[in-house]
DNA sequence: GTGAAAGCGCTAACAG
DNA sequence: CTGTTAGCGCTTTCAC
């Protein structure tokens, strides 16, 4: 059923009551209304109550847009992400939005779909919208035009678990990926694994680089252990291909670490196809928890962190920057959570 | 390390180049600049190129805020959700944002944390921000003050899988929960189940009501089958409690349907504690897919839908409303996906 | 303490 | 076709 003849009339209260009406009704100047509502102190109590009465009577609500126009502050923050449907990101977004909202800010979410060009467009568009600041979970830290675009930005920016070398744009909230990864590697080593593979996301972003570095550092200290790092993209397809390739070789790794929950899906698909049992045939550890990870059979060993806290801290850092307050770079912990998907390697 | 002495100087290009500078440089009137940039047709090509040159030379970017101030359109949509970290919601949000952005709109996300009072505050705040429209995934359709707040709204609203009786506020995009649920019930019945329980979310929102209705309708047509509906909240705690209670009884159900992915977590926890095997001891079906559901052991039977499409269609509907175009109410399909978590009931 | 006036950066009549 | 003018709704000097 199609609704015919949609209304052509202007929207109902397109004539919202403004400050002018309030001033008239209270019999005062429009600037006095502003003063009262802005909580200015030099206003007589008589004035205050007259204005407040009029406000209540008319149901007046200040227009945030007009305020922004005058003050230059939009009280709006942009959060540019690769893909909000990624559970890690959406949890970060929740933490960020909650903290921002408590401070009176609204959060615009934009998805770059991992396209650095689109990301640049978004940054520019958000600047034109005069957002007061930005939270960036960049798709590609190495993109050539990025630095220029960020340098041009007049508002404070906080990078969320991202790092641009030699570029100080104020805020940065990181996860300390190495320690969690090291714990996981040591656990595998203690179980007897001597061939371990990390199926890693894109090294164009910090988390993957840090994880790869942790593996390399581990390898350097454990000459008896062969470590492989396959870096690619945060996709199931990559996880699948890399797993098939790694396990199809004669000298197959006895343990796999998946570098993200998207990659994990591909790894699991490949393992299922290859009919390999976890942890009997191959041990499996993944990065970043999912709601169902602990209910898998076997329950998945996971390198954990607190994404809500990450988002919240990123927001707090941005708020501090907006207030010209001193900030300190944060490095939030990660840790290895043993469950049931790691075991000694199969006898060969 | 704390950074001392934060900059007290005003932000770098706080003196952005405006239309005025462009007009001066091009030697034309400011309104002519506006015309060229707005793609007005009655402009000479000489004028066009003069202006465009100046724009390019100065790197001028129109101020969206000021445009909004004049036109009354903010090109901003608010999406009010219970909790963006819910994977179902974040997928809907992705679909909505993608469609809105393609039409030039930005999306503000606000989390109500399932608090109807907070939700009302958000609605009011978004009105003050003059968002051009709202996408609402209400926390509680039955909240008394809600109707008033919505009626007062001057902008178009689209409810996302929500329904308010007798209130026509334009848009509504729904999921057709009943058919998927019916398929699932029939499958269970065919397997021989005669005692089935739905652990349902809050009946203050449409999806849970529809699912409960589907169960009741099924029960009416199958006198041989005992159906139980436990409605509560979309939380793991509720899922856990309800499962323990239902399975602790003498006449325990032989099949459980979980009404959301949050509830599912609680159900799984309870089943694990009770040491009940799926599907040997009890069959399990859940609503709305998760990335890992198919990799569980057993793979989880799921009543599926396309949340991205739901978000995208909701956005399209809102866009149509904004253009005063005719819209048609949508009812997107759900379907039962058999995997491996349903089987004949255990012999008694 | 309060009012009058000047814009924030842009668009939309209205003349010419 | 183009320039002039008048605001959108608010905040903020600046006088009184």
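Chains as they are written, first to last, in the working numbering: chain A, 1 to 348; chain B, 1001 to 1348. Backbone N, C-alpha and C fix where the C-beta goes; we use that ideal spot for every residue, glycine too. These numbers come from a predicted model, not from an experiment.
query                                                                                                                                                                                            : result
Which residue marks the beginning of the alpha helix (DSSP H) containing residue 335(A), and which one marks its end?                                                                            : Counting along the chain, residue 335(A) falls outside any alpha helix (DSSP H), though it belongs to the beta strand (DSSP E) covering 335-337.
Taking the alpha-carbon positions, what's the residue 115(A) to residue 1301(B) distance?                                                                                                        : 34 Å
Just by C-beta distance, which residues in the stretch 95-115 of chain A are closer than 9 Å to chain B?                                                                                         : 95, 97, 98, 101, 106, 107, 108, 109, 110, 111 and 113
According to DSSP, which residues form a beta bridge with residue 256(A)?                                                                                                                        : 197(A) and 284(A)
Could you give the first and the last residue of the continuous alpha helix (DSSP H) run that contains residue 180(A)?                                                                           : 177-191
By a C-beta neighbour count over all protein chains shown, 10 Å radius and 16 as the cutoff for buried, is residue 1085(B) buried or exposed?                                                    : buried
Who does residue 174(A) pair with in a DSSP beta bridge?                                                                                                                                         : 331(A)
Can you tell me whether residue 1262(B) is buried or exposed? The criterion is at least 16 other CB atoms within 10 Å of its CB, across all chains shown.                                        : buried
DSSP has residue 1136(B) in a bridge; who is on the other side?                                                                                                                                  : 1080(B) and 1159(B)
Of all the CB atoms in chain A, is at least one closer than 8 Å to the CB of residue 1265(B)?                                                                                                    : yes
Note the first and the last residue of the continuous beta strand (DSSP E) segment covering residue 1106(B).                                                                                     : 1106-1111
Of the choices 1079(B), 1289(B), 1239(B) and 1295(B), whose alpha-carbon is the least far from that of residue 1272(B)?                                                                          : 1239(B)
To the nearest angstrom, report how far apart residue 216(A) and residue 281(A) are at their CA atoms.                                                                                           : 24 Å
Is it the case that the stretch 1160-1169 of chain B contacts the stretch 1289-1299 of chain B, given that we only count it when at least three CB pairs across the two stretches are under 8 Å? : no
Can you give the Cα-Cα distance for residue 236(A) and residue 146(A), rounded to whole angstroms?                                                                                               : 27 Å
Under a three-way DSSP split, which group does residue 1071(B) fall into?                                                                                                                        : helix
With 16 as the cutoff for other CB atoms within 10 Å, does residue 1014(B) come out buried or exposed?                                                                                           : Here residue 1014(B) scores only 45 on pLDDT, less than 50, and its place in the model is too uncertain to base an answer on.
With a threshold of 16 other CB atoms inside 10 Å of the CB of residue 1050(B), please say whether the residue is buried or exposed.                                                             : buried
Residue 1250(B) to residue 1105(B), Cα distance in whole Å?                                                                                                                                      : 56 Å
Counting only beta-carbon atoms, is residue 216(A) nearer than 8 Å to chain B?                                                                                                                   : no
If you measure from the beta carbon of residue 341(A) to each beta carbon in chain B, is any gap under 8 Å?                                                                                      : no
Excluding five sequence neighbours on each side, which residues of the same chain lie with their C-beta closer than 8 Å to the C-beta of residue 1108(B)?                                        : 1076, 1077, 1078, 1079, 1126, 1129 and 1131
Going by the beta-carbon positions, is the gap between residue 1156(B) and residue 1180(B) smaller than 8 Å?                                                                                     : no
Contact between the stretch 50-61 of chain A and the stretch 26-42 of chain A is defined here as three or more beta-carbon pairs at a separation below 8 Å; is this criterion met?               : yes
Rounded C-beta distance between residue 1254(B) and residue 1345(B)? I'm assuming under 8 Å.                                                                                                     : 4 Å
Under DSSP, the beta strand (DSSP E) around residue 1231(B) begins and ends at which residues?                                                                                                   : 1226-1231
Do you know how far the Cα of residue 1074(B) is from the Cα of residue 1065(B)?                                                                                                                 : 7 Å
Which bits of chain A does residue 1068(B) rub up against, with CB to CB less than 7 Å?                                                                                                          : 65
What distance in whole Å lies between the Cβ atoms of residue 1184(B) and residue 1336(B), which are believed to be in contact at a cut-off of 8 Å?                                              : 5 Å
Is there a C-beta anywhere in chain A that falls below 8 Å from the one on residue 1002(B)?                                                                                                      : Any reading at residue 1002(B) must be qualified, since the residue scores a pLDDT of 30, below 50, and its modelled position is unreliable; no value is offered.
Report the neighbours of residue 83(A) on chain B: residues whose CB is nearer than 7 Å to its CB, in chain order.                                                                               : 1094
Look at the alpha carbon of residue 24(A) and the alpha carbon of residue 62(A), and state the distance between them as a whole number of angstroms.                                             : 16 Å
Please classify residue 101(A) as buried or exposed, where buried requires at least 16 other C-beta atoms within 10 Å of its C-beta.                                                             : buried
Can you give the Cα-Cα distance for residue 197(A) and residue 69(A), rounded to whole angstroms?                                                                                                : 55 Å
Less than 8 Å between CB atoms is the rule here; does residue 136(A) satisfy it with respect to chain B?                                                                                         : no
What's the gap between the Cα of residue 6(A) and the Cα of residue 1322(B)?                                                                                                                     : Note that residue 6(A) scores a pLDDT of 34, beneath 50, so its modelled location is shaky; the value from the coordinates is reported in the next line. Rounded to the nearest angstrom, the two C-alpha atoms are 11 Å apart.
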